[in-house]
Each structure stands twice: as C-alpha cells, then as structure tokens.
Amino acid sequence: MAFVVALLAGVVVASLVAAGSGQSPIPLPEVAGSVLHRLGLDLGPLPTAPRGDATLWTVRFPRVAMALVVGAALGAAGALMQGVFGNPLAEPSVVGVSAGAAVAAAASITFAWTFAGEWTIALCAFAGGLVTTLAVYALSRADGRTEVVTLVLTGIAVNAVAGAGLAFLLFVADTQAREQIVFWQLGSLNGTRWPYVGVVAPFAVVGCLAALACARRLDLLALGERPARHLGVDVERLRIGLVVVVALLTAAAVSFCGIVAFVGLVVPHVVRMVTGPAHRVVLPASMLAGALVLVVADTVARTFVAGADLPIGMLTSLVGGPFFFWLLRRTRRSAGGWG
Amino acid sequence: MTASTALLARGLVVRYGAATVLDGADLEVRHGEVLTLVGPNGAGKSTLLGALCGDVDLAGGSVEVLGRPLSSWRLRDLARERAVLAQEHRVSFPFPVAEVVRMGRAPWRGRPEEDLDDDVVAESMTATETTHLADRPFVALSGGEKGRASFARVLAQRTGVLLLDEPTAALDLGHQEAVLARARARADEGAAVVVVLHDLSLAAAWSDRVALLAAGRVVADGPPTDVLLASRLTEVYAHPVEVLRHPATGDLLVLADRSARPPARPPARLPHGQEHP
Chain F
77 MAFVVALLAG VVVASLVAAG SGQSPIPLPE VAGSVLHRLG LDLGPLPTAP RGDATLWTVR
137 FPRVAMALVV GAALGAAGAL MQGVFGNPLA EPSVVGVSAG AAVAAAASIT FAWTFAGEWT
197 IALCAFAGGL VTTLAVYALS RADGRTEVVT LVLTGIAVNA VAGAGLAFLL FVADTQAREQ
257 IVFWQLGSLN GTRWPYVGVV APFAVVGCLA ALACARRLDL LALGERPARH LGVDVERLRI
317 GLVVVVALLT AAAVSFCGIV AFVGLVVPHV VRMVTGPAHR VVLPASMLAG ALVLVVADTV
377 ARTFVAGADL PIGMLTSLVG GPFFFWLLRR TRRSAGGWG
Chain S
5 MTASTALLAR GLVVRYGAAT VLDGADLEVR HGEVLTLVGP NGAGKSTLLG ALCGDVDLAG
65 GSVEVLGRPL SSWRLRDLAR ERAVLAQEHR VSFPFPVAEV VRMGRAPWRG RPEEDLDDDV
125 VAESMTATET THLADRPFVA LSGGEKGRAS FARVLAQRTG VLLLDEPTAA LDLGHQEAVL
185 ARARARADEG AAVVVVLHDL SLAAAWSDRV ALLAAGRVVA DGPPTDVLLA SRLTEVYAHP
245 VEVLRHPATG DLLVLADRSA RPPARPPARL PHGQEHP
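First to last, the sequence lines map onto chains F and S.
Start counting at 1 in the first sequence, then tack on 76, and there's your number in the working numbering.
Start counting at 1 in the second sequence, then tack on 4, and there's your number in the working numbering.
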C-alpha cells in the first residue's frame with residue numbers, strides 16, 4: 077500500500093516537473109499554480125514567462141497526460157498478458173501485438189480511412205491488436221500453458237509478418253503518410269494534442285478498469301487452467317475477455333504514440349519484486365509505475381539533447397532490450413533449461 | 005446406514021485419438037467413505053478421475069454430482085461442493101505458500117463462510133505441516149512440499165467431495181500416512197473422498213472401498229479384502245503378487261512376489277511413478 081501511495085506521489089511530482097521542463101522552463105510552483113487556478117483554486121503563482129500558461133495547456137499538459145495514459149495502459153497490458161499466458165516474458169511488443177496494432181493503424185493512415193472520424197486510427201489499432209493477440213494466443217499455447225521458447229519464437233514470427241505489413245505500407249504510402257508511419261515505428265509523444273488524449277483515454281480507462289475487475293481470477297489462473305476451473309473460474313470466458321482487454325490497452329498505447337516497447341515487460345516485473353505477485357496489487361501498481369516511467373522517459377526524450385525530440389520508443393528499447401535478455405537468462409536458469 | 009451418493013458415473017468412455025482409455029467404466033462414490041482407484045499404469049485411473057471432475061471430454065456415458073448432471077453445475081457452485089487435487093503442482097508466479105492455500109477459499113468469497121478464511125487456512129496448513137513454509141514462494145518448494153501445500157489448498161476449499169490424484173506421490177512415508185489420515189478424517193466427517201493410489205498396501209489400509217481398474221474398465225469394486233486378491237492382482241498387473249496379513253495388526257500387505265525370481269535377473273519392482281494417460 078505504501079508502495080502504491082509512493083508511486084502516486086511520484087506520478088504527480090514527475091508530471092509537474094515534466095510540464096515545467098522544455099525549451100522555456102517554467103518553475104515548479106508556477107506549474108502547480110497554473111493547475112490549481114484552472115481547478116478554480118486561487119492558489120500559487122501563475123507562470124510569469126511570456127505565453128507560459130498557453131504553452132503549458134496547449135503543448136505540455138496534453139503531452140504529459142498522454143504519457144500518463146499510455147504508460148498506464150502499457151503497464152497494465154504487460155501485467156495482464158503475463159497473467160493470461162502464465163509467463164513473465166509475455167508483453168505486447170515482445171509477442172508482436174503492438175506491431176499488429178501498428179500495422180492496422182498505419183493502414184488507416186496510408187489509405188486515408190476516415191470511417192470513424194478521429195477515432196479511426198484507434199479503432200483500427202484495436203482491431204489489429206485483437207487479431208494479433210488471438211493469433212499469438214492460439215499459436216503459442218500447448219496443453220494449457222505457454223512455454224517460453226514457443227512464446228518468444230511466436231513473437232519473432234508475428235513481428236516478422238507485421239514488419240512485412242509495415243514495410244508494404246511504407247512502400248505504397250505517399251511521402252506524408254510515410255513520415256507519419258516512420259515516426260510511429262520509432263514511437264513518440266511529439267505533437268500530442270488534447271483531442272488525441274480524448275480518444276486514447278477512454279480505451280485506456282475501460283481497459284484498466286476491466287483488468288482490475290479480473291485481478292483475483294488472474295491469481296487463480298496462476299495455478300493452471302484446470303485448478304482455476306475447479307476453484308470456480310470460467311477459464312474460457314476469462315481468457316477471451318482478457319485477450320480483448322489486452323488488445324484495448326495496446327490500441328490505446330499504439331494508436332497515437334506508436335510502438336513504445338518493453339515498458340509492459342520491465343514495469344510489472346519490477347513491481348512484482350516489490351509487492352509480490354498478487355494481481356490486485358500488481359495491476360494498479362503497474363499502471364502507476366508505467367505512467368511514471370513514461371512521463372520520465374518522455375521528459376528525458378525531449379530534453380536530453382537541446383532542441384531535439386528523441387523518439388521515446390528508442391529509449392525504452394535501449395533499456396528494455398538488455399533487461400529482456402537478463403530475464404530470459406534468469407528464466408532459463410530457474411527452469412533448468414528451456415521450458 | 006445407507007450413505008447418500010455423491011458422484012455417479014455410468015458407462016464412461018474416453019478416447020485419446022484412436023486409443024480408448026476408458027471403456028465403459030462405472031463408479032459410485034458415497035458420502036462418508038474413502039474410495040481408492042488402483043490399477044496398473046495406463047489402466048485409466050487418472051482419466052477416470054479426470055472424467056469425474058469434468059476435465060476430460062467424454063465420448064460416452066454420464067457423470068452426476070450430488071444427483072445433478074456435471075455439465076448443469078455452475079462452476080462456482082461446484083467449487084463449493086467439490087475440490088480436486090491434480091497430479092501436477094504448478095504455480096506461474098512466486099506466490100507465497102500461504103497465498104496459494106488461501107486461493108482455496110476463492111469459491112467462498114462474498115459469502116458468510118468468508119469470515120472463516122483465516123481459521124480455515126491456518127488449520128489446513130497445520131494439518132499438512134506446511135505452516136513453517138507459509139512465506140516461502142511455492143515455486144521454490146521441493147516436490148513433496150508442493151504436494152502438501154496443494155493438499156492444504158484443497159482442504160481449505162472445505163468441500164463435501166474430494167478428488168485426489170496421487171496425493172502421496174513424492175511424499176515420504178510419514179507424510180503419506182498423514183495425508184491419507186486427513187482424507188480418512190474428512191470422510192469420517194461425511195465427505196466423499198476419491199483417491200488415486202499406486203501403493204496397494206496404502207490403499208488397503210485407508211480405504212473403505214477399492215476400485216480396481218484394468219484396460220479402461222472397473223474390474224473389481226468393493227472392500228479391500230474382497231478386491232485385493234493375490235490371484236486377481238497377479239493377472240491385472242501381469243506380475244506375481246502376494247497378499248499377506250500383518251501378523252500383529254491384521255492389515256493387508258500387498259507385495260510383489262519375488263520367490264520365483266531367477267537369481268541373475270535385476271530386482272523386479274511394482275510399477276511406480278508418474279502415469280500418463
């Protein structure tokens with residue numbers, strides 16, 4: 077519990093600091109003051125920099141909000157997927173679900189689909205994510221569980237096919253769409269506006285709430301399918317439901333920010349080391365920790381090199397790749413071989 | 005006293021591909037008794053247990069639980085009536101043993117019995133001598149400790165029907181006795197208990213009834229003294245078997261008969277170990 081409170085405090089502080097940093101820095105008290113004034117509380121100083129308040133509300137806050145939403149969605153999606161697969165290495169980007177969602181979303185850009193207005197991209201990402209999750213699920217399971225080797229190899233195969241799809245879309249796209257797709261493959265929160273947040277947030281919120289509602293049943297699923305069923309869990313229904321939720325969360329993360337890999341792998345793992353594996357703690361803590369990680373990573377991405385907005389996906393992969401390898405080695409050792 | 009029927013299986017047929025694993029097996033399990041399933045490897049013991057708990061698809065026959073067809077039960081209601089101990093004990097994440105045992109209480113959530121959770125978990129862990137393991141991660145336990153912790157989880161479920169698939173596998177002699185004594189005690193309180201066992205002397209000592217399986221059928225079903233006959237066991241196990249009486253207690257002792265063994269042959273053993281359906 078103390079851990080969750082600490083995470084929450086961390087998220088608030090990091091968000092304010094993130095909003096204050098950038099090309100024209102705004103001191104922390106002024107950021108806090110601006111938020112409080114908007115909430116109708118006449119407390120604290122207002123930004124003194126020219127156009128400071130406008131910068132905060134049109135550029136910085138949407139971006140911070142997007143980082144929070146996407147981070148929470150990624151953390152939850154990772155924890156959920158690991159629970160469903162009973163495998164600590166399952167994660168949307170590792171098994172190719174992020175790539176699948178990205179292909180569908182990229183298609184909607186390339187072919188300029190607008191059947192659902194500004195929701196088109198998100199809906200396509202959801203559809204792509206759903207199809208890929210179901211495919212991975214069907215392909216990587218044997219006798220009711222997923223071996224590490226099967227899962228990782230399935231991920232390679234799915235990522236390869238999705239990669240081919242993206243390559244094709246890049247090839248047929250016009251210059252503008254091509255740029256947008258490349259920007260996505262790198263993963264970035266650059267250019268976030270409030271309407272985007274308004275599209276992504278409902279996906280993430282619904283996904284997170286659905287995940288929390290399944291927490292106890294996920295614990296029982298750790299015993300295996302049959303023992304879970306003998307404890308009263310309708311395993312088939314739970315699994316299908318959770319696959320949809322994973323797709324929803326992945327779509328939320330991917331539809332505007334592209335592939336931000338490994339957050340869903342690293343975050344729940346670290347959380348579990350602190351809180352133990354009970355999902356009713358791991359899930360909310362992973363959401364908060366995911367949000368914290370992404371806000372911090374995004375702030376680093378846009379301030380590390382002055383004047384350059386580094387792709388955040390590059391940063392998370394830089395950290396997550398070696399972590400994944402370490403986890404793989406450790407899993408192998410503890411399992412006494414591949415299993 | 006005529007005990008009421010807890011489980012009723014009629015004409016069970018189970019096929020895995022071309023192989024017929026259960027070929028018209030019948031079984032009735034009553035409240036207040038321990039029924040042991042015995043038989044050689046591949047006779048269909050675990051499959052029969054799996055069919056009784058609904059894990060195995062039936063090609064024919066029917067299973068009733070407390071007078072209702074198995075398929076008509078809601079899973080959660082069923083979980084309050086019947087607990088199953090699987091042969092394998094696996095937990096995907098490093099849950100501490102106490103939490104694994106507490107998972108046995110899941111079917112009682114949101115009901116008045118939930119208030120008993122702490123007591124029931126503590127009692128189940130005491131009964132299985134797992135209290136000292138409470139904070140250890142389940143995945144780090146030895147095979148025998150895992151078996152006892154899983155048994156504690158099944159006990160914590162507090163059901164009137166217990167289905168135990170080789171609960172004594174990987175346990176030492178003392179813990180084998182303790183587990184079966186606990187199962188016996190639950191039966192004496194009115195539970196219906198089905199146990200798959202390989203050790204025929206154990207089966208004889210703890211069962212009210214023994215069902216002997218061979219080639220997917222129940223070939224004998226009755227009190228241990230009626231079922232465990234040397235001639236019948238010799239035939240079913242395709243190995244010479246002796247049945248003796250303990251000189252002091254009168255317990256049945258079932259042994260491989262090694263008297264006819266030629267001196268050069270390696271020691272013959274009872275079939276033992278994991279059984280695959």
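Ideal Cβ placement from N, Cα and C applies to all residues, glycine included.
Shortest Cα-Cα distance from residue 136 of chain F to any of F:97, F:155, F:165 involves F:97. For residue 312 of chain F, the enclosing alpha helix (DSSP H) stretches over residues 311 to 333. Within the same chain, 222 come within 6 Å of residue 161 of chain F by CB-CB distance, once the 5 residues on both sides are set aside.
Excluding five sequence positions before and after residue 272 of chain F, the CB atoms of its chain that fall closer than 7 Å to its own CB belong to 142, 332, given in chain order. By the rule that beta-carbons nearer than 8 Å mark a contact, residue 88 of chain S touches chain F. Chain order gives the chain S residues near residue 309 of chain F as 79, 80, 83, 110, where near means a beta carbon separation below 9 Å. Here residue 192 of chain F is exposed. Its C-beta has fewer than 16 other C-beta atoms within 10 Å. The C-alpha of residue 98 of chain S lies about 13 Å from the C-alpha of residue 297 of chain F. Residue 127 of chain F has a beta carbon lying at 8 Å or more from every beta carbon in chain S.
Within 9 Å of the CB of residue 255 of chain S, no CB atom of chain F is found; the nearest one sits about 33 Å away. Its Cα nearest to that of residue 158 of chain S, the residue S:125 stands out among S:136, S:173, S:125. Within the segment 129 to 162 of chain S, no residue places its CB atom closer than 7 Å to a CB of chain F. Taking a contact to require three or more Cβ pairs closer than 8 Å, the segment 6 to 25 of chain S and the segment 65 to 83 of chain S qualify as touching. Residue pairing by DSSP places residue 238 of chain S opposite no residue, since no beta bridge is assigned to it. The residue among S:166, S:150, S:114 with its C-alpha nearest the C-alpha of residue 129 of chain S is S:150. For residue 99 of chain F, the closest C-alpha among the options F:110, F:92, F:122, F:131 is that of F:131. Between the C-alpha atoms of residue 222 of chain S and residue 101 of chain S there is a straight-line separation of about 37 Å. At least 8 Å separates the beta-carbon of residue 322 of chain F from that of residue 88 of chain F.
Linking residue 41 of chain S to residue 228 of chain S through their CA atoms gives a straight-line distance of about 11 Å. Among the residues facing chain S, residue 353 of chain F is included, as its CB has a counterpart in that chain under 8 Å away.
When rounded, the separation of the alpha-carbon atoms in residue 274 of chain F and residue 280 of chain F is 10 Å. In the three-state scheme derived from DSSP, where H, G and I count as helix and E and B as strand, residue 66 of chain S is classed as strand.
Here residue 356 of chain F has 291, 292 as same chain residues with Cβ atoms under 7 Å from its own Cβ, once five neighbours each way along the sequence are excluded. With respect to the 8 Å criterion, residue 194 of chain S and residue 148 of chain S are not classified as neighbours on the basis of their beta carbons. The segment 195 to 210 of chain S and the segment 227 to 245 of chain S touch, with no fewer than 3 CB-CB distances between them shorter than 8 Å.
Assignment of residue 218 of chain S by DSSP, reduced to helix, strand and coil, places it in the strand class.
Residue range 23 to 34 is occupied by the beta strand (DSSP E) that includes residue 29 of chain S. Counting C-beta pairs with one atom in each stretch, the segment 375 to 392 of chain F and the segment 13 to 32 of chain S have fewer than three that are closer than 8 Å, which means they do not touch.
Just so you know, the alpha carbons of residue 43 of chain S and residue 74 of chain S end up roughly 25 Å apart. Membership of residue 12 of chain S in the beta strand (DSSP E) is indicated by the continuous run 9 to 20.
Rounded to the nearest whole angstrom, the C-alpha separation of residue 248 of chain F and residue 285 of chain F is 39 Å.
Short of 6 Å from the beta carbon of residue 175 of chain F, and not among the five residues preceding or following it, lie these beta carbons of its own chain, in chain order: 235, 238.
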